[in-house]
Amino acid sequence: MSKLIIANWKMNPSTVSQAVKLARAEDKKGVVIAPPFPFLPLVSKVLRKAKLGAQDAFWVPKGAYTGEVSIHQLKTLRVKYVIIGHSERRGLGETDWLINKKIRAALAEDLTVILCVGEPWRVRRKGLAAAKRFVKQQLQKDLKGTDKLTKLKAESLITAYEPVWAIGTGHADRPEGAVEMIKFIKKNLQSKTYNLKSRVLYGGSVTGRNAAGFLKQKEIGGALVGGASLKPSEFKRIIRSL
Ligand code: 13P
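According to full-length UniProt numbering, the sequence shown is numbered sequentially starting from 1.
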């Protein structure tokens, strides 16, 4: 399976012209670009090789939900992927219940879900076993009931292991540490309930310098990149390390 590099631009860049420029620079095969909502229409027009992702989606198809964006609306812009459960959204109060609703709706509408899981430092400092328990609970709550969906296929669910303490800190996990957790996540996804042999990515301070260390591991299906995806030269280095 070839590796996937996902650029999560978060709430960047500042202007649409900067977004278009960045999208052109990162338009490569095997890349998914997830810009902020306002830039989706123009970035969608620019991309030839890369696929388009959204950073979130609401589960109800339409109606009085101020500030929300529906999956159907995203699909009209050729969005194929949606990030759900990012720790930055969980930090703003998004619960596993909400995440589960969004995942189920996105899968039902044939979007590929990128589910983010990962433990905060207060858990990790108690050791890897505690971190595994935390991640297992997230998986159980976030994926509850998805095994009943006829549309659940291995390709439609990507999981990203993003330890919260590694996000935006410059302190990435060690590749061996990421592999250990990713193997654990895969074991859970392959359990009788889900029976899914799906892709698991690593995210958290991935840079041009450290990307190869993660991407050469056969268990790691790619990278979810934040800060480094805003710098074309850095992002190119990550792609070159594939
Ligand atoms: P950084 O690469 O900036 O650490 O962000 C990772 C991330 O949150 C991607 O979703």
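The beta carbon of each residue, even a glycine, is placed where N, CA and C say it ideally should be.
- Message: Can you list, in chain order, the residues of its chain with a C-beta nearer than 8 Å to that of Val46? Leave out the 5 residues immediately preceding and following it.
- Response: Val20, Ala23, Arg24 and Asp27
- Message: Which of the three DSSP states is assigned to Gly222 in this structure?
- Response: strand
- Item | Beta-carbon proximity check, Ile5 vs Val31, cutoff 7 Å | yes
- Task: Please name the residue, chosen from Pro175, Pro41 and Leu143, that lies closest to Lys51 on a Cα-to-Cα basis.
- Result: Pro41
- Item | the ligand 13P heavy atom lying under 6 Å from the CB of Gly204 | yes
- For Asn12, is the beta carbon positioned less than 6 Å from some heavy atom of the ligand 13P? no
- Message: Quick check: is any heavy atom of the ligand 13P less than 6 Å from the C-beta of Leu224?
- Response: yes
- Message: In the DSSP output, which residue or residues are listed as bridge partners for Lys51?
- Response: Val32
- Message: Tell me the rounded alpha-carbon separation between Ser87 and Cys116.
- Response: 7 Å
- Task: Tell me whether Ser70 sits in a helix, a strand or coil according to DSSP, three-state version.
- Result: In the structure shown, the three-state DSSP call for Ser70 is strand.
- Item | Trp97 classed as buried or exposed, judged by whether at least 16 other C-beta atoms fall within 10 angstroms | exposed
- Flag Ile238 as yes when its Cβ comes closer than 6 Å to any non-hydrogen atom of the ligand 13P, and as no otherwise. no
- DSSP-derived helix/strand/coil call for Ile83: Ile83: strand per DSSP, three-state reduction.
- Query: Any chance the stretch 74 to 84 sits against the stretch 101 to 114, with 3 or more Cβ pairs inside 8 Å?
  - Reply: yes
- Message: By the DSSP assignment, the beta strand (DSSP E) with Ile167 in it spans what residues?
- Response: Looking at the DSSP string, Ile167 is not in any beta strand (DSSP E), and its letter there is neither H nor E.
- Element boundaries [alpha helix (DSSP H), containing Asn100]: Asp96 to Ala108
- With distances taken from CA atoms, which of Leu152, Gly118 and Glu109 is nearest Phe184? Gly118
- Task: Taking 8 Å as the threshold, find out whether the stretch 54 to 69 comes into contact with the stretch 118 to 130 through three or more Cβ pairs.
- Result: no
- Task: Select from Leu74, Ala131 and Lys186 the residue whose C-alpha is nearest the C-alpha of Ala106.
- Result: Checking every option, the nearest Cα to that of Ala106 belongs to Leu74.
- Query: Can you check whether the CB of Leu201 is closer than 7 Å to the CB of Leu215?
  - Reply: no
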